[in-house]
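In full-length UniProt numbering, the protein residues as written are 1 to 460. Heads up, the beta-carbon is just placed ideally off N, CA and C, and yes, glycines get one too. Note that the structure is a prediction, hence the values are computed from the model and not measured.
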């Protein structure tokens with residue numbers, strides 16, 4: 001392997017017996033324990049091993065999964081109300097859709113701001129403040145008099161509930177590393193995957209019974225419950241000695257360090273491309289399955305739920321695999337297999353092979369690989385940045401929202417039907433494979449060994 005291909009990756013090797021295990025402790029043989037960061041008050045200690053009981057792990061999964069799912073719940077529960085919002089506020093469908101894109105934009109910016117904030121002040125304060133302000137903005141949304149006011153409030157709502165997602169990922173990095181972190185992230189996908197399965201149905205029932213404004217009362221109630229759960233059960237996982245003391249200039253320096261690390265950026269963009277695949281499916285599938293293939297709304301809902309099960313099942317499979325297989329090995333295989341399945345999907349959509357059954361099977365296969373990609377990519381990206389996990393998680397989240405937000409509208413721009421949906425999905429996956437192959441040593445001979453013990457370059 002050339003010197004250039006390994007730049008930014010550790011040159012030393014750990015013994016094979018310690019190279020990949022389910023231990024939650026950072027290997028010290030790599031010579032990087034207690035690495036010093038000038039923006040941290042003391043040398044950085046390794047994360048403390050968490051309690052290993054099943055009950056304790058289940059508590060972490062449910063609590064952090066619920067936090068990470070808050071933005072998705074806020075989006076999906078409101079989605080069925082868009083036509084009613086447009087009608088009630090006397091505006092167009094396009095203007096009503098701005099309440100969705102506005103929240104995504106607010107969430108992307110919120111993650112970039114709140115991530116460094118959590119590195120400086122700890123995890124509990126930002127998430128509690130963020131959830132409380134989510135509750136307040138939800139109540140304000142329920143009385144919004146105009147579409148302009150509702151769009152503005154949704155941007156603010158997205159900004160503040162981003163705290164839940166950022167802190168959830170940062171807490172995982174605080175408490176877990178290696179396969180334990182990958183396993184927990186995969187299990188979080190199970191909780192997060194429930195949101196698109198049930199939130200739209202709940203939102204439809206609430207809006208049908210009490211009008212669309214009542215949806216925001218429910219979202220406020222969800223926020224109250226989450227705030228109480230965090231207050232009671234979430235400990236502070238970032239001790240004072242590991243907090244960064246950086247001001248605004250230090251935040252910029254931190255983001256600059258991340259952006260200069262092309263390996264981090266390559267890994268961080270993969271969850272965004274994965275989200276682009278999912279959002280392309282979400283945007284295009286109603287037209288493809290209902291208009292092109294004649295499914296009824298009830299049948300479409302069944303297919304949507306079935307594909308949600310595929311996402312959840314693959315996340316659970318990944319959680320089992322990472323006990324024995326390094327995340328990078330799973331990631332590099334899963335992306336290639338998903339690319340093959342996406343090619344099959346495009347053939348089915350273009351030729352009509354297999355009819356609606358062929359489309360459903362192909363979609364299930366493509367989405368079924370998705371649960372093995374974001375968690376493993378995120379673990380590898382965060383691996384060298386435990387000292388600034390909030391900032392790193394924020395950039396990953398912002399890239400995820402930004403890439404998905406830029407790519408998914410292309411489905412509509414190219415016609416909104418089968419070929420457009422399949423084309424955008426396979427293009428996103430192909431770019432992900434290319435990024436992993438070109439910007440990291442994952443597919444090079446022996447490259448996955450260097451990625452197992454990935455560490456950030458020392459502070460300059």
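Residue i versus residue j - alpha carbon distance
i, j, result
"residue 349", "residue 299", "19 Å"
"residue 139", "residue 281", "31 Å"
"residue 270", "residue 239", "30 Å"
"residue 202", "residue 441", "45 Å"
"residue 151", "residue 137", "11 Å"
"residue 252", "residue 231", "30 Å"
"residue 316", "residue 187", "6 Å"
"residue 58", "residue 85", "38 Å"
"residue 295", "residue 286", "9 Å"
"residue 110", "residue 263", "24 Å"
"residue 122", "residue 234", "12 Å"
"residue 184", "residue 372", "12 Å"
"residue 216", "residue 226", "15 Å"
"residue 304", "residue 427", "22 Å"
"residue 535", "residue 431", "Outside the displayed span of the chain (1 to 460) sits residue 535, for which this structure offers no information."
"residue 256", "residue 436", "21 Å"
"residue 168", "residue 364", "28 Å"
"residue 351", "residue 357", "13 Å"
"residue 420", "residue 347", "12 Å"
"residue 95", "residue 204", "20 Å"
"residue 89", "residue 444", "56 Å"
"residue 292", "residue 261", "45 Å"
"residue 290", "residue 355", "13 Å"
Short CB-CB distance (under 8 Å) between residue i and chain D
i, result
"residue 103", "Among the chains in the structure shown there is no chain D, since it carries only a single protein chain."
Extent of the continuous alpha helix (DSSP H) run through residue i
i, result
"residue 233", "213-233"
"residue 409", "Neither: residue 409 is in no alpha helix (DSSP H) and is coded neither H nor E."
"residue 338", "327-351"
"residue 157", "147-175"
"residue 438", "418-439"
"residue 368", "355-368"
"residue 88", "82-88"
"residue 374", "374-382"
"residue 293", "Careful: residue 293 lies outside any alpha helix (DSSP H) and carries neither H nor E."
"residue 92", "Premise fails: residue 92 is in no alpha helix (DSSP H) and is neither H nor E."
"residue 125", "124-141"
"residue 271", "262-285"
Nearest-angstrom beta carbon gap, residue j and residue i [assumed within contact, 8 Å]
i, j, result
"residue 107", "residue 71", "6 Å"
"residue 504", "residue 166", "Past the edges of the chain, shown from 1 to 460, lies residue 504, and the structure says nothing about it."
"residue 403", "residue 273", "6 Å"
"residue 381", "residue 268", "5 Å"
"residue 214", "residue 206", "5 Å"
"residue 429", "residue 338", "5 Å"
Environment of residue i [buried if 16+ CB atoms lie within 10 Å]
i, result
"residue 383", "buried"
"residue 212", "buried"
"residue 146", "exposed"
"residue 34", "Unreliable positioning characterises residue 34 in this predicted model, as indicated by a pLDDT of 39, which lies under 50. A coordinate reading is not provided."
"residue 323", "exposed"
"residue 465", "Absent from the structure is residue 465, since the part of the chain shown begins at 1 and ends at 460."
"residue 60", "buried"
"residue 434", "exposed"
"residue 359", "buried"
"residue 422", "buried"
"residue 126", "buried"
"residue 438", "exposed"
"residue 118", "buried"
"residue 83", "exposed"
"residue 164", "buried"
"residue 353", "exposed"
"residue 81", "buried"
"residue 375", "buried"
"residue 221", "exposed"
Proximity of residue i and residue j at Cβ, strictly below 8 Å
i, j, result
"residue 102", "residue 65", "no"
"residue 228", "residue 74", "no"
"residue 425", "residue 277", "yes"
"residue 135", "residue 224", "yes"
"residue 288", "residue 418", "yes"
"residue 155", "residue 79", "no"
"residue 171", "residue 237", "yes"
"residue 408", "residue 370", "no"
"residue 367", "residue 307", "yes"
"residue 400", "residue 275", "yes"
"residue 377", "residue 406", "no"
"residue 362", "residue 335", "no"
"residue 116", "residue 208", "no"
"residue 412", "residue 283", "yes"
"residue 398", "residue 112", "yes"
"residue 385", "residue 394", "no"
"residue 173", "residue 180", "no"
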